[in-house]
Amino acid sequence: VQERGALGFERHYHVTDPFIRRLGLEAELQGHSGCVNCLEWNEKGDLLASGSDDQHTIVWDPLHHKKLLSMHTGHTANIFSVKFLPHSGDRILITGAADSKVHVHDLTVKETIHMFGDHTNRVKRIATAPMWPNTFWSAAEDGLIRQYDLRENSKRSEVLIDLTEYCGQLVEAKCLTVNPQDNNYLAVGASGPFVRLYDIRMIHNHRKSMKQSPSAGVHTFCDRQKPLPDGAAQYYVAGHLPVKLPDYNNRLRVLVATYVTFSPDGTELLVNMGGEQVYLFDLTYKQRPYTFLLPKKCHTSGEVQNGKTSTNGVSNGIHLHSNGFRLSEGRAHVSPQVELPPYLERIKQQANEAFACQLWTQAIQLYSKAVQKAPNNAMLYGNRAAAYMKRKWDGDHYDALRDCLKAISLNPCHLKAHFRLARCLFELKYVAEALECLDDFKGKFPEQAHSSACDALDRDINAALFSKSDNAEDKKGSGPIRLRATGRKDSISEDEMVLRERSYDYKFRYCGHCNTTTDIKEANFFGSNAQYIVSGSDDGSFFIWEKETTNLVRVLQGDESIVNCLQPHPSYCFLATSGIDPVVRLWNPRPESETLNGRVVVDMEGASQANQRRMNADPLEVMLLNMGYRITGLTSGGAGGSDDEDSSEGQVQCRPS
Numbered sequence: 001v002q003e004r005g006a007l008g009f010e011r012h013y014h015v016t017d018p019f020i021r022r023l024g025l026e027a028e029l030q031g032h033s034g035c036v037n038c039l040e041w042n043e044k045g046d047l048l049a050s051g052s053d054d055q056h057t058i059v060w061d062p063l064h065h066k067k068l069l070s071m072h073t074g075h076t077a078n079i080f081s082v083k084f085l086p087h088s089g090d091r092i093l094i095t096g097a098a099d100s101k102v103h104v105h106d107l108t109v110k111e112t113i114h115m116f117g118d119h120t121n122r123v124k125r126i127a128t129a130p131m132w133p134n135t136f137w138s139a140a141e142d143g144l145i146r147q148y149d150l151r152e153n154s155k156r157s158e159v160l161i162d163l164t165e166y167c168g169q170l171v172e173a174k175c176l177t178v179n180p181q182d183n184n185y186l187a188v189g190a191s192g193p194f195v196r197l198y199d200i201r202m203i204h205n206h207r208k209s210m211k212q213s214p215s216a217g218v219h220t221f222c223d224r225q226k227p228l229p230d231g232a233a234q235y236y237v238a239g240h241l242p243v244k245l246p247d248y249n250n251r252l253r254v255l256v257a258t259y260v261t262f263s264p265d266g267t268e269l270l271v272n273m274g275g276e277q278v279y280l281f282d283l284t285y286k287q288r289p290y291t292f293l294l295p296k297k298c299h300t301s302g303e304v305q306n307g308k309t310s311t312n313g314v315s316n317g318i319h320l321h322s323n324g325f326r327l328s329e330g331r332a333h334v335s336p337q338v339e340l341p342p343y344l345e346r347i348k349q350q351a352n353e354a355f356a357c358q359l360w361t362q363a364i365q366l367y368s369k370a371v372q373k374a375p376n377n378a379m380l381y382g383n384r385a386a387a388y389m390k391r392k393w394d395g396d397h398y399d400a401l402r403d404c405l406k407a408i409s410l411n412p413c414h415l416k417a418h419f420r421l422a423r424c425l426f427e428l429k430y431v432a433e434a435l436e437c438l439d440d441f442k443g444k445f446p447e448q449a450h451s452s453a454c455d456a457l458d459r460d461i462n463a464a465l466f467s468k469s470d471n472a473e474d475k476k477g478s479g480p481i482r483l484r485a486t487g488r489k490d491s492i493s494e495d496e497m498v499l500r501e502r503s504y505d506y507k508f509r510y511c512g513h514c515n516t517t518t519d520i521k522e523a524n525f526f527g528s529n530a531q532y533i534v535s536g537s538d539d540g541s542f543f544i545w546e547k548e549t550t551n552l553v554r555v556l557q558g559d560e561s562i563v564n565c566l567q568p569h570p571s572y573c574f575l576a577t578s579g580i581d582p583v584v585r586l587w588n589p590r591p592e593s594e595t596l597n598g599r600v601v602v603d604m605e606g607a608s609q610a611n612q613r614r615m616n617a618d619p620l621e622v623m624l625l626n627m628g629y630r631i632t633g634l635t636s637g638g639a640g641g642s643d644d645e646d647s648s649e650g651q652v653q654c655r656p657s
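Taking full-length UniProt numbering, the leading residue of the sequence shown gets 1, the next gets one more, and so forth.
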């Protein structure tokens, strides 16, 4: 018990804000001759295993920067995953590789003791769980999740989940992880924007009951349609991504979950979405992806608008979820708006000044800081929404929409939030809903009905509605999530569509990195209280954000090309990273007496903007950029920089309150 208490103390105090801001390179571990694609700490944190394109695994003593063991794994292609088997005394190591094989090694004798060749495509990740001794799982690009049993009398693998039964033959599984607090839950990332959470025990019980059933030998149509029992799977997705998918596909921009991991307490799921951003999903307080939620009643007499005051009104809204309208019932909780304390008022003023100078990211970060301290202040959400709408990075309009809805729920008479909501719906291609929202806005705020802002948005909406080139789908028909593929190989089953439509939305989004070039890029919680989020990037840097504010606090140059792997030490403020370079780098807080850290990226804003441009660039341009050519279109301007598309929207839109 004392030992556990000491470990808890270490974990709580070894990752603190001053330490993060002093994080720097401690050492480079040299020994591989190819890219280092995977890293894994043992449970104690005194061993670090690495796997590489050179088909070797190395076990290090990272605290003394020593190589303890190097062995050829028997793989004939790049190693993508390495894991210590729990309860094996760090003796058994498992590797998965591009040769479609999973190998089990005994480190004490430096021998490969078992080889599984059941997958038919590259094995991308291995997962283990303390509650399941002698058991582990693999995810591969054949679309299968396999479970392995290493007990003496079996040594076999079986298919736990077959994604091809849901998504067609082209689906690829890329990553998986087991919940550390409840080992029955397995998260899987694959091609596409959806992340899947499975109940392993429920799947096994279902299979057992099927075998024991008298009609087990008869394979009916229903059996084939239900490979998993109802309730065994729950999907998560960033709410704006399904409807963006056709646009991304047209631009050859691939969405794929490259890494999934649970928070140490098992209540949150973090996903690095290739081709997009990093997302955190709350597994306890779940929320549906929402697009439209608008109060119907708002008595404006005697009230100050734009978040200054509020009333206890009724919020009967129209709610668009997945496809089609439905009425939202019940009363919304409306908080009385109190004045911000002086220190938060100062932060808000600083944010407003940054906004006035078109420093959108700085404004967003300051508003986010204030929102964390005053989560029931409608004005802060409304202002942050305006900054998101100006910046226009990927996902910004959806975050702005969420902020507008929050502002309106706190103050149903927030004029600017109502108008911005209509603009967000239009930008998100919900054109008919934008028109309805704008009409509703004009009814609630008749004095604004003929403003230049309203007229401009009206023109944009009508042009989109009547333009022959407008590709907006009927949201009551196929809907943003019911994306049926044309070919049989890529066909989506009815079960899959139901699961997608029941998806839950994200809680936080982390921006700044770029994840388009490799499909093994990780994002992790840093600190066992999960105070920070870390992710690698295509620009050779790794990014550190505060979890709760989503603010970027540190960017460090971690590789000459790309940082793929980031594995935090289980108890210390100590981080191992790797990428294209054939080395493992170790990072910890440097002494204050040490000279300036040359690996710090000072211009975090500039790095983030460059990554946004990179993510939105033509794939050929990115390839040329990676080869060292400078493309004018990539290096000038910015994705959602200061081009003021919405300047005609006048007072209602542009200025924060």
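Ideal placement from N, C-alpha and C gives every residue a C-beta, glycine not left out.
Identity of the residues DSSP links to residue i by a beta bridge
i, result
"S138", "I126 and R146"
"W545", "I533 and L552"
"residue 709", "Nothing can be reported for residue 709, as the shown portion of the chain is limited to 1 through 657."
"D162", "L144"
"L197", "A187 and Q234"
"residue 671", "Because the chain in this structure spans residues 1 to 657, residue 671 falls outside the shown range and cannot be described."
CA-to-CA distance, residue j to residue i, given in whole angstroms
i, j, result
"G536", "Y398", "24 angstroms"
"T267", "N462", "44 angstroms"
"H204", "W132", "13 angstroms"
"K442", "Q277", "35 angstroms"
"I364", "H414", "19 angstroms"
"H206", "L499", "18 angstroms"
"K44", "P570", "7 angstroms"
"A385", "H418", "11 angstroms"
"D90", "E546", "33 angstroms"
"S647", "L457", "Summary for S647: the model assigns pLDDT 31, below 50, so the residue's position carries little reliability, and this model does not support an answer."
"P446", "D455", "13 angstroms"
"H321", "Y290", "In this prediction, H321 scores a pLDDT of 39, lower than 50, which makes its location untrustworthy; the coordinate-derived value is nonetheless stated afterwards. In a straight line, the C-alpha of H321 is about 5 angstroms away from that of Y290."
"Q372", "A400", "16 angstroms"
"V583", "M389", "41 angstroms"
"L241", "A453", "28 angstroms"
"D17", "L438", "44 angstroms"
"A610", "Y279", "20 angstroms"
"G324", "M497", "Legend: pLDDT at G324 = 33, less than 50; position of this residue unreliable, value from coordinates given subsequently. Whole-angstrom Cα-Cα distance: 15 angstroms."
Short Cβ contact (8 angstroms threshold) for residue i with residue j
i, j, result
"F574", "L556", "no"
"R288", "Y504", "yes"
"Y166", "D394", "no"
"I58", "K67", "yes"
"I520", "F80", "yes"
"L340", "N376", "no"
"F84", "N179", "no"
"D199", "A173", "no"
"A607", "G527", "no"
"T258", "N515", "yes"
"L47", "K110", "no"
Option in the options with minimal Cα separation from residue i
i, options, result
"T577", "N42, S50, L241 and H72", "S50"
"Y285", "R207, D53, I20 and Y506", "Y506"
"E141", "T135, K124, T128 and L401", "K124"
"residue 659", "G274, D603 and L269", "Any answer about residue 659 is impossible in this case: the structure gives the chain only from 1 up to 657."
"L93", "N78, C413, T76 and M115", "M115"
"D403", "L25, S368 and E436", "S368"
"G239", "R156, H206, V195 and L228", "V195"
"H64", "G96, Q448, A27 and G34", "A27"
"V102", "E111, D118 and K110", "D118"
"P568", "E522, D559 and Q358", "E522"
"L380", "K406, T518 and L359", "K406"
"F19", "A370, R391, Q448 and R590", "R590"
"F466", "L435, V104 and Q448", "L435"
"R391", "F355, K429 and L144", "F355"
"I161", "R146, L170, G168 and K155", "R146"
"Q169", "R156, E158, A190 and L241", "A190"
Residue i beta carbon near the ligand GTP (any heavy atom closer than 7 angstroms)
i, result
"C573", "This structure simply doesn't include the ligand GTP, nor any ligand for that matter."
Worksheet entry | Whole runs of the alpha helix (DSSP H) within the segment 17 to 71, excluding any shorter than 4 residues | The segment 17 to 71 contains these whole alpha helix (DSSP H) runs: 17 to 21.
Worksheet entry | Start-end ranges of the beta strand (DSSP E) lying completely within the segment 322 to 402, minimum 3 residues | Segments of the beta strand (DSSP E) lying fully in the segment 322 to 402: 325 to 328.
Discussion item. Threshold first: 3 residues or longer. Then list the beta strand (DSSP E) segments lying entirely within the segment 434 to 461, N to C.
Written reply: none
Worksheet entry | beta strand (DSSP E) runs wholly inside the UniProt repeat "WD" (556 to 597), at least 3 long, in chain order | 563 to 568, 575 to 579 and 583 to 589
Practice prompt. Starting from the N-terminal side, write out each stretch of the alpha helix (DSSP H) that is 4 residues or longer and does not extend beyond the segment 200 to 279.
Written response: Unbroken alpha helix (DSSP H) stretches of 4 residues or longer found wholly inside the segment 200 to 279: 200 to 212, 221 to 225 and 241 to 250, given in chain order.
Discussion item. Going residue by residue through the UniProt repeat "WD" (72 to 115), where are the continuous beta strand (DSSP E) segments of at least 3 residues, counting only ones entirely within it?
Written reply: 79 to 84, 92 to 97 and 102 to 106
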